[in-house]
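Residue numbers (this note's numbering), protein chains in the order written: chain A, 41 to 605; chain B, 78 to 413.
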């Protein structure tokens, strides 16, 4: 009792020949189907090279095209031949010319010997599979597909549309429940011969002739009729990518393939010399009999598909440039934007750096320079402090910054004096934590040593810019974590909001008492605002400031540490 | 994109091909070994001028990757490049004394050669100072990539230009013939690139790197483009429009994903900043044969007088392709 192989070959015949020889030498009959589109010379050479092996045969040739019944016909022909000519064969293993045995045949033989009546064929109903290509799952069984998907795509699609439009449905032959699965099965003589010699085979064949991709459903469906013991998995390791084409194995997969303990793998790059050398050498080693375990390879390929379809969040590069809304993460990591804080508190950046333990920059979008933490001329990723370079693409500057510093939270100051182009990027970014003290920009203005007329003009301009910015931050499309206080409100009770923001940045530091930052001197600010009003400008963003200076509840806070919990 | 714009692109392509025919007349065959090109060979196309020093390493690098034949245009070299190349068994060489600038920086010449010899082949178009790095290039030869691209129904492969530079003055360590240039120029900028989409040709316009940082910090809009599509399964109707940045038909430029995923891409390591650069930029400034009135070389000349160090604290030292892929400069995509 032994296992026999049927092989479907259409390219890289020299590799198929090597594999066939490998099996034949070890006493396994092989029946080879060579695609009719292979040249006569190539076919003849292969036949000649394998002539010395009496257990290698070639069956009738069909011209095979992907997705059509011709592949089933080829398999039928090869199966019929192997059952007829090699009566000792108990299991028939369907393989392709780009398959490679990973374990010695004795191990496969022993494995099958222990399971003499088991059919290894992946066979699942259409409702349970997610991998059907082209959006056609159950319909492949009830529509007709007379046109080639590869060569006559237009006709194929129109014909499908037409049948859908008129609700044309085929009747399934009696007793059939459509199943799908990998075409690389291993069936027992009993099951396979029952399928091939069924008196109703004509009916089934006529039906499957117009099913789409019947090689994935013919044997998978019919085996359900006759087998008593179906193990619904393939012994061949074969993975498909998101386009529905098989992943290819190369030399660098050698260790992965070795450790997978699968019997056969597909598909091997024909020029992977190292793999062919390694696996086709007859191994005499006695490794423990292990169950196939393709988990590692599964993960590798699943990750590859993930990278191709979802990509890395926050990355913009030559082969990933998402349309708006498709970024799956506009930026790479969470970051915090502080507006008005460095104006209200003395040396706020140093304080924040200490409290939050993250990187705190100054005004990254300041008009005259990029205020990187520590005043560095260059930052992570060789990001330059040149404002011209930054303003060439302000959004890219921020996305680059977060990408380059993944793993370390960035905080920076922002305000109406800065380049405003990133407003929408920040507002729509769930990674952004934006805290705004509106009107705080007036504090430096208040202290500046310039003519009042100039101050008035600057105030009007900055107020307008900040108003627009705040409008953006309050739009319904905002995804950022936004907190907005007016200057007056914030000054009245500064510690609670500060604590909130800090907790969000460093959730683990909850129990640390926070030391209040020093607020700048506000005496006379109320009068300054009144002067602006008197000059005809209406400061609105600061909130209600009293004219006289006394009642600033914030003042005592700076003298003692503020304790939470 | 409406029909008129599409037709405009078609005309651009036709014009590029006509130019290729016309400028192709300037080419004189020095060594034509194209009869040896096999049906599935990978071809490399290059124009050069006075690159004798770099050629041995360049040829060997691509031979090792799996390039089967080199088709090269020598633009009036005076340093023995032509004689050296004419002796190589896998090089077909043409020479011309025509203007590099008027042949649109060599594009017309190469378009002509690609039209004639590239049809049906995977064609790699690189300068002698550009070295292709792609995912798994240390374990899989170039045919593995092209086979996979073909199976995935992809016709073109993007590889961004990555400027490599030494630490210290550019001319501190002279480059020796046959040496790996990245033993000297082994640093690069990892995360200061900006991207814009060009709606007309549907390609990305990438700028940044050390050239933008040091030479174009005040006028970044003028910084050189770094996006390149050097590897194409050629059809005689295709044409490069400006250097290897842009191709027509425009579908070939779509080497990036817009639905959040990553397509497979590589990098062209650019060994421009070796000691030869100082000499070369002085010469190019005189010849004025480069893009946009050689403004790039004007900028270099200005900056080089101060003998700048392109290296900075945040420069990254090159290790291998996996490092570039982790940094997000290139991607494996779904090639695993």
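Glycine residues also receive a C-beta, built at the ideal position from the N, C-alpha and C atoms.
Closest residue to residue i among the options (Cα-Cα distance)
i: residue 24/A; options: 53/A, 44/A, 188/A and 268/A; result: What the structure shows of chain A is the stretch from 41 to 605, and residue 24/A is not part of that stretch, so it cannot be assessed.
i: residue 482/A; options: 228/A, 162/A and 456/A; result: 456/A
i: residue 12/A; options: 72/A, 54/A, 55/A and 58/A; result: No answer is possible for residue 12/A: it lies beyond the span of chain A, which begins at 41 and ends at 605.
i: residue 134/A; options: 511/A, 46/A and 506/A; result: 46/A
i: residue 282/B; options: 358/A, 222/A, 585/A and 384/A; result: 358/A
i: residue 243/B; options: 287/B, 106/B, 230/B and 218/B; result: 287/B
i: residue 543/A; options: 148/A, 77/A, 398/A and 63/A; result: 398/A
i: residue 511/A; options: 225/A, 468/A and 535/A; result: 468/A
i: residue 344/B; options: 111/B, 212/B and 367/B; result: 212/B
i: residue 290/A; options: 313/A, 260/A and 479/A; result: 313/A
Collapsed DSSP secondary structure at residue i in the structure displayed
i: residue 402/A; result: strand
i: residue 141/A; result: strand
i: residue 45/A; result: strand
i: residue 313/A; result: helix
i: residue 167/B; result: coil
i: residue 133/A; result: strand
i: residue 141/B; result: helix
i: residue 245/A; result: helix
i: residue 97/A; result: strand
i: residue 566/A; result: helix
i: residue 152/B; result: strand
i: residue 413/A; result: helix
i: residue 437/A; result: helix
i: residue 217/A; result: coil
i: residue 522/A; result: strand
i: residue 463/A; result: helix
i: residue 119/A; result: helix
i: residue 259/A; result: helix
i: residue 502/A; result: helix
i: residue 93/B; result: helix
Closer than 8 Å at the beta carbon, the chain B residues around residue i
i: residue 285/A; result: 228 and 229
i: residue 361/A; result: 272, 274, 281, 333, 334 and 335
Distance, residue j Cα to residue i Cα
i: residue 143/A; j: residue 300/A; result: 10 Å
i: residue 408/B; j: residue 128/B; result: 31 Å
i: residue 360/A; j: residue 523/A; result: 32 Å
i: residue 292/A; j: residue 330/B; result: 30 Å
i: residue 486/A; j: residue 526/A; result: 17 Å
i: residue 394/B; j: residue 263/B; result: 6 Å
i: residue 266/B; j: residue 341/A; result: 30 Å
i: residue 599/A; j: residue 375/A; result: Note that residue 599/A scores 42 on pLDDT, short of 50, meaning its location in the model is unreliable and no value can be drawn from it.
i: residue 58/A; j: residue 239/A; result: 38 Å
i: residue 199/B; j: residue 201/A; result: 37 Å
i: residue 274/B; j: residue 280/B; result: 6 Å
i: residue 114/B; j: residue 227/B; result: 20 Å
i: residue 337/A; j: residue 382/B; result: 55 Å
i: residue 286/A; j: residue 280/A; result: 4 Å
i: residue 326/B; j: residue 230/B; result: 16 Å
i: residue 74/A; j: residue 259/A; result: 20 Å
i: residue 353/B; j: residue 124/B; result: 17 Å
Residues that residue i contacts on chain A, provided the C-beta gap is smaller than 9 Å
i: residue 290/B; result: 418, 422, 423, 424, 426 and 429
i: residue 173/B; result: Simply none; closest approach about 32 Å.
Under 9 Å by beta carbon: chain B residues contacting residue i
i: residue 562/A; result: Here the premise fails: no neighbours, minimum Cβ distance about 40 Å.
i: residue 355/A; result: 339, 405 and 408
i: residue 15/A; result: As displayed, chain A neither begins before 41 nor continues past 605, which places residue 15/A out of reach and without an answer.
Beta-carbon neighbours of residue i, restricted to chain A and to distances below 7 Å
i: residue 342/B; result: 358 and 359
i: residue 380/B; result: Here the premise fails: no neighbours, minimum Cβ distance about 14 Å.
i: residue 235/B; result: 358 and 359
Neighbouring residues, chain B, relative to residue i (Cβ below 7 Å)
i: residue 432/A; result: 271, 297 and 298
i: residue 349/A; result: 338
| said: Check whether the region 94–101 of chain B and the region 146–160 of chain B touch, using three or more Cβ-Cβ pairs below 8 Å as the test. | reply: no
Check your understanding: Quick one: any contact between the region 269–288 of chain A and the region 180–192 of chain B, if contact means 3 or more CB pairs under 8 Å?
Key -> No, they do not touch.
Examine the Cβ distances between the region 101–121 of chain B and the region 141–149 of chain B and report whether three or more of them are shorter than 8 Å.
-> yes
Problem set entry | Contact the region 208–221 of chain A vs the region 232–249 of chain A: 3+ CB pairs below 8 Å | yes
| task | Examine the Cβ distances between the region 236–254 of chain B and the region 163–179 of chain B and report whether three or more of them are shorter than 8 Å. | result | In the pairwise beta carbon analysis, the region 236–254 of chain B is classified as not touching the region 163–179 of chain B: fewer than three pairs are separated by under 8 Å.
TODO: Decide if the region 443–460 of chain A is in contact with the region 529–541 of chain A; the criterion is three or more beta carbon pairs, one per stretch, under 8 Å apart.
DONE: no
(Q) Assess contact between the region 399–418 of chain A and the region 435–450 of chain A, defined as three or more Cβ pairs (one per stretch) separated by less than 8 Å. Is contact present? (A) Yes: at least three Cβ pairs fall under 8 Å.
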